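Since the structure comes first, as structure tokens, the remarks are kept for the end.
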Amino acid sequence: MYSLEAPVKAAPQRGRIPDPCAMVTLGASGDLTHRKLIPALYKLFKSQLLPEGFSLIGISRTPETDESFRSKMKEAVGAYFEPPDPEVWSRFEKTLFYLPGNVDSPDVYRELIELFSKLDKERGCCGNRLFYLAVSPQLYPTIIEHLGKSGLSCPLSEKNWSRIIIEKPFGHDLNSAHALNDKIVQYFKEDQVYRIDHFLGKETVQNILAFRFANSIFEPIWNRQYIDHVQVTVAESLGIENRGGYYDSAGALRDMVQNHLLQLVCTIGMEPPVAFTATSVRDEKTKVLQALRPIKPEEVNRVTVRGQYGDGVIDGKQVQAYRKEKNVKPDSRTETYVLLKLFIDNWRWADVPFYLRTGKHLPKRATEITIQFKRTPHLVFARVPEKHIDPNLLILHIQPDEGITLRFEAKVPGPDIHLQPVNMKFQYGSSFTKPVEEAYERLLLDTLIGDATLFARGDWIEAAWGFITPILEAWENDRTPIPVYASGTWGPSEADVLLAEDKRKWRNP
Ligand code: BG6
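Counting from 693, one number per residue, gives the positions in the sequence shown under my numbering.
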């Protein structure tokens, strides 16, 4: 059984500048460091949210000096954010350092310890350390072990901290996730570990909690008495880009559902936490997973649909089939689309279906959660047939066009009773002047502050894999051809059939 973190601590104070520290990115020459980490740190620095003395040490095998590393990072900020402001950059680059080395060998950790004490003295990093694993997941166990054996996983003193950020994929099934968690807890306590799920850093996902728990009018109807079903759509118009090698051994269920979509389900489905602390929020989310109705192997085909994109047209451009992508097997059975119907067997949600779908090469990029309410119990407008009265919908637009829509019926002006659905809309863009923050900025800052609320806890990860793994196994044993959908369409027709059998219909964004 996975052991939980220590009992509740007071929530770290938001809005405060983190303690001085040195952060290490292992995998500094990789895509993640260039695309996400460095631009996010630069933005935090520019907004004066990084502490005095903050230092970043990049480690990878590529031979570099501090100077050449700095100039590469400058290019990365230019390419993935904006051309750096010369004055800000000249101050920011002084925080960047480079240590060439192989993360497989103990030498680099010895050198790191020396560099840490030098930076503590010269820059006042005060002995606090953050390790960011931006490497291939096969290296996670080795790095964790080296950090443990070199003593780096332990805080320098009672006043110091040592934390680790781990990127997805966190395992590829229940056994591997369990083994990785075991390795971590050998050297780190749960409250030192920050497993990133970047969906949790999205403003709109955080706002679901505010919407539910900072308003009194929605919670009384947030249950099986009023809700007919919930739809979660995470549609992407992009394909797999240059990630064929990774994606072909993962697929949409592992890549998106096990983490991002289940996090969305938990955010919608959880009970009110006692407080907005890492322990309370994550306890409630884990309870949702514990209540998921397990899917038996013989049921898998009834509650899931998978598909793979074929040739097609997106935004007027011809795009090629998944099997023709680089580093994808020509006879690959990997799914690029998945639909999953699930139930949360508890008092609040009994028998309310949650329909989840995600896919690549769909007509547009849109992430939305639609809560469909039950029809009115009695038809007052006798001359309007029931099929002309649409149920109420609450649509949470996660991205793009972030906002919330409430759809209800209204009388069309005129002498007769004609009804028509109308929308009440909240949009971030018009209600707030501040731009929506990038998920990585928020999550990095939370890690520096020591707030794990928006990170996946070890027991949550294992519960998620526990639910997903039987589906993966059933698919593995099923050799029937995988449905192919034309790129630029809303997925295989089987997805519409599954909902039609339940007398429901997908709401396409
Ligand atoms: C990642 C997946 O976790 O999330 C990608 O590995 C996917 O396949 C991406 O494209 C989607 O994230 P976002 O923030 O672009 O919706």
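The beta-carbon is built from N, C-alpha and C at its ideal position, and this holds for glycine as well. Here the structure is a predicted model, which is why all the values come from computation and not from measurement.
Leu1135 is a Cβ neighbour of Leu892, given a cutoff of 9 Å. Leu930 is classed as exposed because its beta carbon has fewer than 16 other beta carbons within 10 Å across all chains shown. For the ligand BG6, a non-hydrogen atom lies closer than 8 Å to the CB of Phe891.
Segment contact: the stretch 976-985 against the stretch 954-962, three or more CB-CB distances shorter than 8 Å; contact assigned. Between Ser797 and Gly750, the C-beta spacing is not below 9 Å.
Classified as buried, Met962 has 16 or more neighbouring CB atoms from the shown chains inside 10 Å of its CB. Closest in alpha carbon position to Tyr824, among Thr969, Arg904, Ile730, is Ile730. For His838, the enclosing alpha helix (DSSP H) begins and ends at 832-841. The beta carbon of His1080 is closer than 7 Å to those of Leu1111 in its chain, skipping five residues each way along the sequence. The Cβ neighbour count for Glu1133, taken over all protein chains shown within 10 Å, is at least 16; the residue is labelled buried. Contact between the stretch 1175-1192 and the stretch 1045-1055 is present, with at least three C-beta pairs closer than 8 Å. In the three-state scheme derived from DSSP, where H, G and I count as helix and E and B as strand, Phe905 is classed as helix.
Of the heavy atoms belonging to the ligand BG6, none sits nearer than 8 Å to the Cβ of Asn907. Going by beta carbons, Phe880 and Ala869 fall outside the 9 Å limit. Around the Cβ of Asp1138, a 10 Å sphere holds 16 or more other Cβ atoms; the residue is buried. Assigned with DSSP and collapsed to three states, Arg1067 falls in coil, not helix or strand. Only buried fits His1089, as 16 or more other CB atoms lie within 10 angstroms of its CB.
The beta carbon of Ala1042 sits closer than 6 Å to the beta carbons of Arg916 from its chain, once the five residues preceding and following it are set aside; these are given in chain order. Inclusion of Leu930 in the 8 Å shell around the ligand BG6 follows from its C-beta lying nearer than that to a non-hydrogen atom of the ligand. In the three-state scheme derived from DSSP, where H, G and I count as helix and E and B as strand, Pro829 is classed as helix.
DSSP places Ile1096 inside the beta strand (DSSP E), whose first and last residues are 1095-1103. Annotated as distal: Ile1109 and Thr1097, with beta-carbon spacing of 9 Å or more. When the alpha-carbon of Asn794 is set against those of Arg753, Glu882, Ile919, the nearest one is in Arg753. With respect to the 9 Å criterion, Lys786 and His726 are not classified as neighbours on the basis of their beta carbons. The Cβ-Cβ distance between Tyr939 and Thr1026 falls below 9 Å.
Counting of Cβ neighbours within 10 angstroms places Met948 among the buried residues, the total reaching 16 or more. Assignment of alpha helix (DSSP H) within the stretch 1133-1181, counting only whole runs of 4 or more residues, yields 1150-1169 in chain order. Contact between Ile1153 and Asn873 holds, with the beta-carbon distance rounding to 7 Å and staying under 8 Å. Under the DSSP assignment, Ile858 falls in the beta strand (DSSP E) whose first and last residues are 854-858. Relative to the ligand BG6, the beta carbon of Met948 is positioned inside 8 Å of a heavy atom. DSSP lists Gly999, Gly1051 as the beta-bridge partner residues of Tyr1029. Of the residues assessed, Pro710 falls on the buried side of the cut-off, its CB having 16 or more other CB atoms within 10 angstroms. Between Leu748 and Leu788, the gap from beta carbon to beta carbon is short of 9 Å. Less than 9 Å divides the Cβ of Leu839 from the Cβ of Tyr801.
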